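Asks:
Number of protein chains: 2
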Amino acid sequence: MSTTIAVLRGFNRTYTQRIGVLDESFLGTGRALAVSRLLFEIGSRHHTTVRDLREQLGLDSGHVARMLRSLEGEGLVETAPDPDDGRRRLVRLTQDGRKAWRELDERSEALAAQLVDPLTTRQQERLAEALATADLLVRAATVQLREVAPGDPVAREATARYFDELDERFPAGFDPGGPEEPQPGTTSVVATSDGRPVAHGGLRPLPDLDHVTAEVKRMWVDPGWRGAGLGARMLRHLEALARDRGFTRVVLDTNDSLLEAIALYERAGYRRIGRYNDNPYARAWFEKGLGQIQTEG
Amino acid sequence: MSTTIAVLRGFNRTYTQRIGVLDESFLGTGRALAVSRLLFEIGSRHHTTVRDLREQLGLDSGHVARMLRSLEGEGLVETAPDPDDGRRRLVRLTQDGRKAWRELDERSEALAAQLVDPLTTRQQERLAEALATADLLVRAATVQLREVAPGDPVAREATARYFDELDERFPAGFDPGGPEEPQPGTTSVVATSDGRPVAHGGLRPLPDLDHVTAEVKRMWVDPGWRGAGLGARMLRHLEALARDRGFTRVVLDTNDSLLEAIALYERAGYRRIGRYNDNPYARAWFEKGLGQIQTEG
DNA sequence: GAGGTTATCTGACTAAAGTCAGACGTTGTG
DNA sequence: CACAACGTCTGACTTTAGTCAGATAACCTC
Chain A
374 MSTTIAVLRG
384 FNRTYTQRIG
394 VLDESFLGTG
404 RALAVSRLLF
414 EIGSRHHTTV
424 RDLREQLGLD
434 SGHVARMLRS
444 LEGEGLVETA
454 PDPDDGRRRL
464 VRLTQDGRKA
474 WRELDERSEA
484 LAAQLVDPLT
494 TRQQERLAEA
504 LATADLLVRA
514 ATVQLREVAP
524 GDPVAREATA
534 RYFDELDERF
544 PAGFDPGGPE
554 EPQPGTTSVV
564 ATSDGRPVAH
574 GGLRPLPDLD
584 HVTAEVKRMW
594 VDPGWRGAGL
604 GARMLRHLEA
614 LARDRGFTRV
624 VLDTNDSLLE
634 AIALYERAGY
644 RRIGRYNDNP
654 YARAWFEKGL
664 GQIQTEG
Chain B
374 MSTTIAVLRG
384 FNRTYTQRIG
394 VLDESFLGTG
404 RALAVSRLLF
414 EIGSRHHTTV
424 RDLREQLGLD
434 SGHVARMLRS
444 LEGEGLVETA
454 PDPDDGRRRL
464 VRLTQDGRKA
474 WRELDERSEA
484 LAAQLVDPLT
494 TRQQERLAEA
504 LATADLLVRA
514 ATVQLREVAP
524 GDPVAREATA
534 RYFDELDERF
544 PAGFDPGGPE
554 EPQPGTTSVV
564 ATSDGRPVAH
574 GGLRPLPDLD
584 HVTAEVKRMW
594 VDPGWRGAGL
604 GARMLRHLEA
614 LARDRGFTRV
624 VLDTNDSLLE
634 AIALYERAGY
644 RRIGRYNDNP
654 YARAWFEKGL
664 GQIQTEG
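The listed protein sequences derive, respectively, from chains A and B.
Be aware that the first sequence starts at 374, since it is given in the numbering used here, and climbs by one per residue.
Be aware that the second sequence starts at 374, since it is given in the numbering used here, and climbs by one per residue.
1) Label residue 544 of chain B either buried or exposed according to how many other C-beta atoms from any shown protein chain fall within 10 Å of its C-beta, with 16 as the threshold for buried.
2) Given residue 466 of chain A, which residues of its chain have a CB within under 7 Å of its CB, disregarding the five upstream and five downstream residues?
3) Please classify residue 585 of chain A as buried or exposed, where buried requires at least 16 neighbouring CB atoms within 10 angstroms.
4) For residue 646 of chain B, report the span of its beta strand (DSSP E) as first-last.
5) Would you kindly work out how many angstroms separate the C-alpha atoms of residue 424 of chain A and residue 455 of chain B, rounded to a whole number?
6) Run through the DSSP bridge pairs and tell me what residue 523 of chain B is partnered with.
7) Which residue comes first and which comes last in the beta strand (DSSP E) that contains residue 478 of chain B?
8) Roughly how many whole angstroms lie between the Cα atoms of residue 446 of chain A and residue 459 of chain A?
9) Going by C-alpha distance, which of A/548, A/441, A/580, A/547 is nearest residue 559 of chain A?
10) Using CA atoms only, rank isn't needed, just tell me which of B/411, B/652, B/571 is closest to residue 343 of chain B.
11) Which partner residues of residue 622 of chain A appear in the DSSP bridge assignment?
12) To be precise: take each residue of the stretch 615 to 637 of chain B, compare its Cβ to all Cβ atoms of chain A, and keep it if any distance is under 9 Å. Which residues remain?
13) Any beta-carbon of chain A closer than 8 Å to the one on residue 595 of chain B?
14) Given this structure, state the Cα-to-Cα distance separating residue 525 of chain A from residue 599 of chain B, to the nearest angstrom.
15) Beta carbons nearer than 7 Å to chain B: which residues of the stretch 374 to 389 of chain A have them?
16) Mind listing the chain B neighbours of residue 506 of chain A? Cutoff is C-beta to C-beta under 7 Å, in chain order.
17) Less than 8 Å between the CB atoms is what I'm expecting for residue 637 of chain B and residue 659 of chain B, so what's the real figure, rounded?
18) Secondary structure at residue 503 of chain A, three-state DSSP: helix, strand or coil?
19) Run through chain B and tell me which residues come within less than 8 Å of residue 511 of chain A, C-beta to C-beta.
20) Determine, using beta carbons only, whether residue 723 of chain A and residue 621 of chain A come nearer to each other than 8 Å.
21) In this structure, does DSSP put residue 575 of chain A in helix, strand or coil?
22) In whole angstroms, give me the CA-to-CA distance for residue 595 of chain A and residue 577 of chain A.
23) Can you tell me where the alpha helix (DSSP H) with residue 425 of chain B in it begins and where it stops?
24) Go ahead and label residue 627 of chain A buried or exposed: buried means 16 or more other beta carbons lie within 10 angstroms of its beta carbon, across all protein chains shown.
25) Have a look at residue 667 of chain A and residue 573 of chain A and give me their C-alpha separation to the nearest angstrom.
26) Pull up the distance between the alpha-carbon of residue 483 of chain A and that of residue 476 of chain B, whole angstroms please.
27) Just verifying my parser: in three-state terms, what is the DSSP assignment at residue 455 of chain A?
28) To the nearest angstrom, how far is the alpha carbon of residue 534 of chain A from that of residue 404 of chain B?
29) Leaving out the 5 sequence neighbours to the left and right, which residues in its chain are closer than 7 Å to residue 440 of chain A when beta-carbon positions are compared?
30) Does the beta-carbon of residue 570 of chain B have 16 or more other beta-carbons within 10 angstroms, so that it is buried, or is it exposed?
31) Whose C-alpha, out of A/490, A/444, A/606, is nearest the C-alpha of residue 402 of chain A?
32) Given this structure, state the Cα-to-Cα distance separating residue 377 of chain B from residue 384 of chain B, to the nearest angstrom.
33) So, do the stretch 484 to 492 of chain A and the stretch 390 to 397 of chain A have three or more beta carbon pairs nearer to each other than 8 Å?
34) Just verifying my parser: in three-state terms, what is the DSSP assignment at residue 545 of chain A?
35) Here's the rule: buried if 16 or more other CB atoms are within 10 angstroms of the residue's CB, otherwise exposed. What is residue 506 of chain B?
36) Between which two residues does the alpha helix (DSSP H) containing residue 417 of chain B stretch?
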């Protein structure tokens, strides 16, 4: 849709002219803009390292170090070596820093309030709805899918959240059965945003079988990120991966209480088949041939 | 709605991290970011003056002058005195400048395309719709209403567009009857965006009457700006103005083919009354008492 | 046509942002 | 335990951005 691009660019213009000034809440505090931004970022996280900040804000390491010295000089932040890794330094706000952060937060809040003030309640609701939709879609569009080692901490976090959700949703609960033991040949694909997993999918050769069938495991999308096609994207990604590895067929199992998942599989061209494993939690089984070529960026 | 503010601020965060990079299309051209922005702005307008650019981009006059010298040095822009006012200088792109502008435009387009690429067509449509809504509401929220002298060029442009629209919409056309002659006591309120009128409303004492009734005239909202409450805002503004001047009642006339206008007046608390003037184009007459206090920012 | 205003420009700055090389200690690997 | 890789820091820059005080010419008003 080329019109989407035009609308996006048009909005970009409106945004920089009218909402971009929200950043001005960081001005006039006697600190440089970049320093204020850094302060705000530190306060917006529980605890963070210099590296995280550098990455998040896309700044040079020397630049960040200098700004941190400046904030330390003001008595707003303090740093300490990370006990887990002595190379890293943890950064956090002091009491005064928290106060300065709150001031920034309030300024920003006030500016935002002023911006929407001329609108009626009804219009504000429409605006909030539109922005929430745009927010979700833009975040989903810019998320990167990447393969990680089976024992990767991000993958662990994702599967832990997946199991928690199953436990909540299954009428009789869910027990993964013993601690995680990465199975050989398994691949984990995660989508991360700001370092935290927002979607996960696993792929492994279906054991004791024909070498042409792969199984999709542990498909999960963070509840806050649903409705933006992340599940479908993950599925396409896994299928492409399976195809690259010479598989010609994908199967998966699921539970009938996971309605969205079933709808997703059906939309993606999966067909119901009979039970192919002895997974006690499975109630539905699907397959899809990997004949035709599909694309996934 | 405090949630609107939260959503707006959340979106702001997503935006600066993910869409803000659209500006990076201005980087890596061997020119400073601000210079590229200026070049892009010049090329986005038909012809423009130094003053317009300064105002649009919110820059210091010395800064702009220097950047223009730099662009002239590259052979990308040329300036000439404005024949209408020798103090001003017109700025426009040269052949080479147009080429450089096109390059920037293409980079920006490509970045935007890349951003939305992971989304399905359906999701892109949802995104475009959400952004278009947000765009309209944000623009409407940040537009300023201001009183102008009756002969002001902006007011003239607005009424000219209003008359054109009436001429188009009335089955038998519309003839304003002779050239504009500003009537004594008339006030014009305009909403402008980037210097062009997007809404207009007039107010005058109702002639030969009681000195307590004001008449709203020439209510008009640019078609591209409808649906964001600008009409209602204008009406509230005019009512506040009338109240300030001691009027206790407002009347207005309209034509029954202007359905949105009639709906607007009814929503705003206007009641139909009998004909109070001999306007040949009027088919409906309304009044509203200015008893209770309402607010308009 | 005198006097104030407006638009643009130059010179002379300061502050902020960003870059790069290298030092130093910590950690993971073979 | 040697060695490469990593995370952070300092020093020594360069580039950009932005500011302010005039100078100059054109315009507007009375």
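Every residue, glycine too, gets a C-beta built ideally from N, C-alpha and C.
Note that this is a predicted model, so its numbers are computed, not measured.
Replies: The structure says:
1) Stepping through the second sequence from its first residue, residue 544 of chain B is reached at position 171. Exposed, since its Cβ has fewer than 16 Cβ neighbours within 10 Å.
2) The residue given as residue 466 of chain A occupies position 93 in the first sequence. For residue 466 of chain A, where only same-chain residues beyond five positions count, the Cβ hits under 7 Å are 415, 416, 449, 450, 474.
3) Residue mapping note: residue 585 of chain A aligns to position 212 of the first sequence, counting from 1. With fewer than 16 Cβ atoms within 10 Å of its Cβ, residue 585 of chain A is classed as exposed.
4) To locate residue 646 of chain B, count along the second sequence from 1; it is residue 273. 644 to 646 is the extent of the beta strand (DSSP E) around residue 646 of chain B.
5) For the purposes of this step, residue 424 of chain A is identified with residue 51 of the first sequence, where counting begins at 1. For the purposes of this step, residue 455 of chain B is identified with residue 82 of the second sequence, where counting begins at 1. When rounded, the distance between both Cα atoms is 53 Å.
6) By one-based count along the second sequence, residue 523 of chain B stands at place 150. According to DSSP, residue 523 of chain B bridges with nothing at all.
7) Your numbering for residue 478 of chain B matches position 105 in the second sequence. No beta strand (DSSP E) holds residue 478 of chain B; the alpha helix (DSSP H) holding it covers 468 to 489.
8) Within the first sequence, numbered from 1, the residue matching residue 446 of chain A stands at position 73. Within the first sequence, numbered from 1, the residue matching residue 459 of chain A stands at position 86. Approximately 23 Å, taken between the alpha carbons.
9) Position 186 of the first sequence, counted from the start, is the residue given in the question as residue 559 of chain A. Closest option to residue 559 of chain A, Cα to Cα, is A/580.
10) Nothing in the structure corresponds to residue 343 of chain B, since chain B is present only between 374 and 670.
11) The residue labelled residue 622 of chain A in the question sits at position 249 within the first sequence. Answer by DSSP bridge pairing, in chain order: A/586, A/662.
12) none
13) Locating residue 595 of chain B in the second sequence gives position 222, where the first residue counts as 1. So no, residue 595 of chain B is outside the interface.
14) In the first sequence, counting from the first residue as 1, residue 525 of chain A sits at position 152. In the second sequence, counting from the first residue as 1, residue 599 of chain B sits at position 226. Cα to Cα, residue 525 of chain A sits roughly 52 Å from residue 599 of chain B.
15) 374, 376, 377, 378, 380, 381, 382, 383, 384, 385, 387, 388
16) By one-based count along the first sequence, residue 506 of chain A stands at place 133. Neighbours of residue 506 of chain A on chain B, chain order: 499, 503.
17) To locate residue 637 of chain B, count along the second sequence from 1; it is residue 264. To locate residue 659 of chain B, count along the second sequence from 1; it is residue 286. In fact, because the Cβ distance is near 10 Å, the residues do not count as touching under 8 Å.
18) Your numbering for residue 503 of chain A matches position 130 in the first sequence. DSSP places residue 503 of chain A in helix when its eight states are reduced to three.
19) As a working note, residue 511 of chain A is residue 138 in the first sequence. 387, 388, 391, 392, 488, 500, listed in chain order.
20) Given a span of 374 to 670 for chain A in the structure shown, any question on residue 723 of chain A remains unanswerable.
21) Reading the first sequence from its first residue, position 202 is the one you call residue 575 of chain A. Residue 575 of chain A falls in the strand class under three-state DSSP.
22) Taking the first residue of the first sequence as position 1, residue 595 of chain A is located at position 222. Taking the first residue of the first sequence as position 1, residue 577 of chain A is located at position 204. For residue 595 of chain A and residue 577 of chain A, the distance between alpha carbons rounds to 22 Å.
23) Along the second sequence, one-based indexing puts residue 425 of chain B at 52. First-last of the alpha helix (DSSP H) with residue 425 of chain B: 423 to 430.
24) For the purposes of this step, residue 627 of chain A is taken as the residue at position 254 of the first sequence. By the 10 Å Cβ count, residue 627 of chain A comes out buried.
25) As a first step, residue 667 of chain A must be located in the first sequence, where it is residue number 294. As a first step, residue 573 of chain A must be located in the first sequence, where it is residue number 200. Note that residue 667 of chain A has pLDDT 48, beneath the 50 cutoff, so the model's placement of it is unreliable and no number is given.
26) Numbered from 1 along the first sequence, position 110 holds the residue referred to as residue 483 of chain A. Numbered from 1 along the second sequence, position 103 holds the residue referred to as residue 476 of chain B. Roughly 39 Å separates the two Cα atoms.
27) Along the first sequence, read from residue 1 onward, the residue named residue 455 of chain A stands at position 82. Residue state, collapsed to three classes: strand.
28) Within the first sequence, numbered from 1, the residue matching residue 534 of chain A stands at position 161. Within the second sequence, numbered from 1, the residue matching residue 404 of chain B stands at position 31. If you take the alpha carbons of residue 534 of chain A and residue 404 of chain B, they lie about 47 Å apart.
29) For the purposes of this step, residue 440 of chain A is taken as the residue at position 67 of the first sequence. Correct list, in chain order: 407, 408, 411.
30) Taking the second sequence and counting its residues from 1, the one referred to as residue 570 of chain B is at position 197. Label assigned to residue 570 of chain B: buried.
31) Residue 402 of chain A sits at position 29 when you count from the first residue of the first sequence. Minimum Cα distance to residue 402 of chain A is reached at A/444.
32) By one-based count along the second sequence, residue 377 of chain B stands at place 4. By one-based count along the second sequence, residue 384 of chain B stands at place 11. Rounded to the nearest angstrom, the two C-alpha atoms are 10 Å apart.
33) yes
34) Taking the first sequence and counting its residues from 1, the one referred to as residue 545 of chain A is at position 172. Coil, per DSSP.
35) For the purposes of this step, residue 506 of chain B is identified with residue 133 of the second sequence, where counting begins at 1. With 16 or more Cβ atoms within 10 Å of its Cβ, residue 506 of chain B is classed as buried.
36) Taking the first residue of the second sequence as 1, we reach residue 417 of chain B at position 44. Neither: residue 417 of chain B is in no alpha helix (DSSP H) and is coded neither H nor E.
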